[in-house]
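Residue numbers (our numbering), protein chains in the order written: chain A, 36 to 691; chain B, 36 to 691.
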């Protein structure tokens, strides 16, 4: 036992070998004279900055500096230290590799490389995709005045500011009126879903990272702080109270930090992330900012090391351009259904409701030039890179009014004597097309087979746009992807239709058909099992791991994430939501089965994944091990996927 | 070339070595003097019964009889023959094993055994489950006067009589008024579903055995004749016309035979099936009826040969009693949700809408004695045989009003100023519990975990009823089955709850817990993949092949059977509906994977199947090969399953 409380020549302190917040080199820590270890933490007196020790006890200070160097050389990492000085004699109490912020993780890793302590492969292992993702969020201004209200669990990252509301309808109403709101609840349940969508962020006083609010917010990419237990939330009185009695009423502004769980009173200014600016293509940042320089250096190494390519899920030329600056090496999923919304919805409604082939063809003919425009913009943006376009996937009735809403409208109109025949017919059609379980109904390739001419129109747009852009001298590499295939016969039928369209004069360049590939999504367990048959036709497989998770487990994300998932996470039935991180035992085995069986038949079968798992760190490692060629994810997840793909390659020793 | 048209000492004929209709021994066929082969078929003159030939040309007749014996000894089966007599000399044109009715198949097979031509194993291979199923339907009285209107495709077996209606709403309206109707359409589409349910049978003028009408009718077990192309169906004029100009108007009665495709004018009397009466336990039939005797003999052989046990899917004591007469060797699936309907629905509604644990417990306490009664009746009926009881499976909102209907009701009431607060609250609850894809939502074991006390109440009823019945000296073997398990953690949680309940004093017999097993449905692809883990807890697996088909293929039977299935069958994407006959490549592989992996961990793991595939002939053969212990099906399919299980065992050479 040593004592730091034997007089003013004694004391105790904590030290970091580098700044655990920014990663900067230097001396960081606190020192308290005439005190024992716990006194530093207890805050009984104000501590001194560690640099003061040099003045108070130079010998001990110099010795401490020497020890810190020794420790760093031994651990080859930032260390934190607890020490005591007993009457001028320095004693080390403990040391360990120190916790650090995401920013420090990157800068320290690069410093250690420069100091010759680790190599770049090791530096890459010292950072994570989760840390990189945190660095890409806007954050509260570090230098702003802030009044901390409380700290809860960092349930879903980001920085959100808004007027407090206590129920979902109010959130929806005020958000519609243009106001930014924060939904505050003791805990959330499925009734709060609309409010969560409307709000900038969610704050709860109960539940942790696996609570309903946390799970749903992460699923939406919405900032959330959960389990701020000091807060008393009184929904009826429309106010919350903290343990010190401070009150916040409906309409008062709070700021919540989903990255560290802090909740501030009032509006805290938000600053953009320099790391995000770097990924968005701002130049010169790496020269002026240590963090950006470190991120840049590690990303370059990850890119050189990784075997997995990284593509983007994007549906417009604009998104593709953004994605390229983020490092996308192709489009892994272009969802054509998004192109059927907005003004074109009416054309689609006509198509869906068409009773004759003639009506159907007119609607298709009107859609064709619009689809050609869509693909033209994407090809130009992705010049020289492959573009995977998925033929129409969702159930057709998604383009029609909701059955319940329309039924109510018709019933009310009938009651008022204002019912038109047109409305009544529309209801009859909507009822006819209604499905009990649309996720398990007439969608994907089934739609392509059931609606004559639909896929042909889309393929026509894909190949004609490609021919036109190729004629401009732009290299185009379209990959036509057929969704929801369960049996090879479905793919055969569509492939035959594609072959006919590709041979049409308007689709040719210099008399030859445009270079293209035909492939399929693997998103049904059966498709994975019969992959050998499917690979006879398909030139590529793209795993739709979201749908594959839904069918393998038999639950739909929309329905279950907001119902029993938090129970399952809290009781430990799930370690992590299988929609966040791939379920390697179940869904993963199907991915492996399909990969093996497919490649046995077609050795150069291209394998990719285009579910949101493509941007999840753990899942990326799995896809690397499974031998996939690429992952595809939303634009903002691309840097994370690149980093983790590099980490997976260096960790497994098969860096590119 | 020989000529039968060289005078009255020449002629041509067809002959059967036995009656192809009844199977009776004797001389059956037609003879036509001074004619060539096609004249017999063309019907240019009336043919003579073959027996007349003995009188006309005894030498040829005797020779023909000798040849028929030779042929039967060679082929060891009923043969059909074409022959010609040219100026008194008999020439054989061709022979082959003759087509026959289902009844003849059974009687002939037994005759051949008696004649020493084949053994009983071979006799078993000479009949099929499909033939047996046909014999179990009531049929039109053979001796009744019948006026044939036309013949279409035998799309779904049975005999149906009813007043003709031409649209679904009329079918529903008249059926509700107590009238028996036949729905007549050119072809059906999903709009006709309600009408098909309401009608006795369905008749269409278009499409074949794979048309919408045929597929849906077979799915419902409803009699159907499809593609009666001679009929002109005029829905607007509400009449149909045949090629001879005969008209049938709405309300006129027709009789349709789904087993042979015949359509008769007016009401043809229907006679009960003696084979059905035999299976229902009528005694003395086998002594008086050749057909029943043959069926009895072949069934006994099948039962002795088969390795697969046959259980029943039944939910009441009454059904269990019926099923035992059909040969059920246990209950493979008792669906407790059926017990929650009728008068008890209100209790379940209270349970679903309960906001406090107290309300919930009251509802559960009210259900407990009712569930105990249910199980008591079943145990008594199944004395000495295992009874597999599935804990509650369907989504809870199935016990609540339909969202669309209720929304309309509330909107209309509001419009009229008659809206009650109660109704409005009910709508809010229904909306909260509504799921986009209930098949993929909060159901099965998820429900058991999400609704505290629900499964405990059911297990309490299972074990208390078992304890009480066991105390009466009746042997009870309850098997508690947990539905929709995707991960072993779910089963662990429920198994722990079961263990607690089983140990309650009221569940004990002589201080010991009732003998029981705990097992699970395998109905999710993931459950099949992680079967080794699940088998650590489960003592039995029961494959729910209907749900497993739905998730493996990603389509729900209700939604797709009436939408794109007929397209798929007609274009050959499907050979047969995977809901009718097990998809052995996809779903079947999962059954095999689960069986292997499960038995590797637990060698005596009991394996069964309780989907409707358990009564499908082809599927039964697959389940035999996969090494399952039993199949379970609806009561009326039990004889088919027994027969096919015997056929599978003798065909594969591993008869029991």
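C-beta atoms are modelled at their ideal positions from N, C-alpha and C, and glycine is treated no differently. Fair warning: this is a prediction, and the values are worked out from it, not measured in the lab.
Review point. Under three-state DSSP, which class holds residue 117 (chain B)?
Key: Strand, per DSSP.
Review point. Smallest Cα separation from residue 106 (chain A): which of A:88, A:90, A:127, A:122?
Key: Ranked by how close their Cα comes to the Cα of residue 106 (chain A), the residues A:88, A:90, A:127, A:122 have A:127 in first place.
Review point. Taking a cut of 7 angstroms between CB atoms, which residues from the segment 359-387 of chain B lie near chain A?
Key: Answer set for the segment 359-387 of chain B: empty.
Exercise for review: List the residues of chain B whose Cβ lies closer than 9 angstroms to the Cβ of residue 606 (chain A), in chain order.
Suggested key: Correct list: 484, 524, 528.
Practice item. Would you identify the three-state DSSP class for residue 282 (chain A), choosing helix, strand or coil? Key: The answer is strand: DSSP assigns residue 282 (chain A) an E or B state.
Review point. How many whole angstroms separate the CB atoms of residue 258 (chain B) and residue 235 (chain B), which I take to be in contact at a CB cut-off of 8 angstroms?
Key: The C-beta distance from residue 258 (chain B) to residue 235 (chain B) rounds to 7 angstroms, short enough to fall under 8 angstroms.
Practice item. Tell me whether residue 43 (chain B) is buried or exposed, calling it buried when 16 or more other Cβ atoms sit within 10 Å of its Cβ. Key: Here residue 43 (chain B) is exposed, its C-beta having fewer than 16 other C-beta atoms within 10 Å.
Exercise for review: Buried or exposed for residue 580 (chain A), please, with buried defined as at least 16 other CB atoms from any protein chain shown within 10 angstroms of its CB.
Suggested key: By the beta-carbon neighbour count (other beta carbons within 10 angstroms, threshold 16), residue 580 (chain A) is buried.
Review point. Mind pulling the alpha helix (DSSP H) runs of 4 or more residues that sit fully within the segment 126-204 of chain B?
Key: You should have 137-149, 155-160, 164-171.
**Study point:** the segment 167-178 of chain B in contact with the segment 137-146 of chain B per 3-pair CB rule at 8 angstroms
**Key:** Under the three-pair Cβ rule at 8 angstroms, the segment 167-178 of chain B counts as touching the segment 137-146 of chain B.
Exercise for review: Go through its chain and collect everything with a Cβ distance to residue 173 (chain A)'s Cβ below 8 angstroms, but skip five positions before and after it.
Suggested key: Within the same chain, 193, 194, 305, 306, 307, 308, 311 come within 8 angstroms of residue 173 (chain A) by CB-CB distance, once the 5 residues on both sides are set aside.
Check your understanding: Which bits of chain B does residue 585 (chain A) rub up against, with CB to CB less than 7 angstroms?
Key -> Going along chain B in sequence order, the residues near residue 585 (chain A) (Cβ under 7 angstroms) are 475.
Practice item. Using a Cβ-Cβ cut-off of less than 8 angstroms, give me the residues of the segment 503-522 of chain B that come near chain C, in sequence order. Key: In summary, chain C is missing from the structure at hand, where the protein chains are A and B.
Review point. Which residue from A:413, A:606, A:75 puts its Cα closest to that of residue 504 (chain A)?
Key: Closest by alpha carbon: A:413.
Review point. Is residue 31 (chain B) helix, strand or coil when you go by DSSP?
Key: Past the boundaries of the shown model lies residue 31 (chain B); chain B is included only from 36 to 691, so the question cannot be answered.
Check your understanding: Is there a Cβ from chain B that is less than 9 angstroms from the Cβ of residue 34 (chain A)?
Key -> Shown here, chain A extends from 36 to 691; a query on residue 34 (chain A) therefore has no answer.
Practice item. Let me know if residue 588 (chain B) comes out buried or exposed under the rule of 16 or more other beta-carbons within 10 Å of its beta-carbon. Key: Buried: at least 16 other Cβ atoms inside 10 Å.
Practice item. Closer than 9 angstroms, Cβ to Cβ, to anything on chain B: give me those residues from the segment 545-561 of chain A, in chain order. Key: Cβ contacts with chain B come from 558, 559, 560, 561.
Review point. Nearest chain B C-beta to residue 578 (chain A) closer than 9 angstroms, yes or no?
Key: No, residue 578 (chain A) does not count as interfacial toward chain B.
Exercise for review: Compare the Cα-Cα distances from residue 301 (chain A) to each of A:182, A:561, A:108, A:125 and report the closest residue.
Suggested key: Considering only alpha carbons, the answer is A:182.
Practice item. Identify the contact partners of residue 446 (chain A) in chain B, using a Cβ-Cβ distance below 9 angstroms as the criterion. Key: The contacting residues are 442, 443, 444, 446, 447, 450.
Check your understanding: Would the beta-carbon of residue 130 (chain B) fall within 9 angstroms of that of residue 116 (chain B)?
Key -> With respect to the 9 angstroms criterion, residue 130 (chain B) and residue 116 (chain B) are classified as neighbours on the basis of their beta carbons.
Practice item. Classify residue 50 (chain B) as helix, strand or coil using the three-state DSSP reduction. Key: In this structure, residue 50 (chain B) counts as strand in the three-state DSSP scheme.
Check your understanding: Name the chain A residues that come within less than 8 angstroms of residue 18 (chain B), Cβ to Cβ?
Key -> The requested residue 18 (chain B) is not part of the displayed model; chain B covers only 36 to 691.
Review point. To the nearest whole angstrom, what separates the beta carbons of residue 593 (chain B) and residue 616 (chain B), a pair I think is in contact under 8 angstroms?
Key: By a beta-carbon distance limit of 8 angstroms, residue 593 (chain B) does not contact residue 616 (chain B). Their separation comes to about 19 angstroms.
Practice item. Decide if the segment 266-283 of chain A is in contact with the segment 332-340 of chain A; the criterion is three or more beta carbon pairs, one per stretch, under 8 angstroms apart. Key: Judged by Cβ distances under 8 angstroms, the segment 266-283 of chain A makes no contact with the segment 332-340 of chain A, as fewer than three pairs qualify.
Exercise for review: Using 10 angstroms around the beta-carbon of residue 417 (chain A), count the other beta-carbons present and answer buried if the total reaches 16, otherwise exposed.
Suggested key: With 16 or more other Cβ atoms within 10 Å, it is buried.
Check your understanding: residue 45 (chain B): which of B:51, B:52, B:72 sits nearest, CA to CA?
Key -> Minimum Cα distance to residue 45 (chain B) is reached at B:72.
Review point. If we cut at 9 angstroms on Cβ distances, does residue 650 (chain B) have a partner in chain A?
Key: Chain A contact via Cβ: absent.
Exercise for review: Would you identify the three-state DSSP class for residue 274 (chain B), choosing helix, strand or coil?
Suggested key: In this structure, residue 274 (chain B) counts as strand in the three-state DSSP scheme.
Check your understanding: Mind checking whether residue 91 (chain B) and residue 118 (chain B) have CB atoms under 9 angstroms apart?
Key -> Not closer than 9 angstroms, so no.
Practice item. Return the residue from the list B:420, B:568, B:231, B:188 that minimises the CA-CA distance to residue 197 (chain B). Key: Comparing Cα positions, the closest option is B:231.
Review point. According to the Cβ coordinates, are residue 320 (chain A) and residue 349 (chain A) closer than 9 angstroms?
Key: No; because the gap between Cβ atoms is not below 9 angstroms, this pair is not in contact.
Exercise for review: Answer yes or no: do residue 559 (chain B) and residue 490 (chain B) have a C-beta to C-beta separation smaller than 9 angstroms?
Suggested key: No; because the gap between Cβ atoms is not below 9 angstroms, this pair is not in contact.
Point to revise | Length of the line joining the Cα atoms of residue 82 (chain B) and residue 596 (chain B) | key: Using only the alpha carbons, I get a separation of about 47 angstroms.
Point to revise | DSSP state of residue 668 (chain A) mapped onto helix, strand, coil | key: If DSSP states are grouped into helix, strand and coil, residue 668 (chain A) belongs with the strands.
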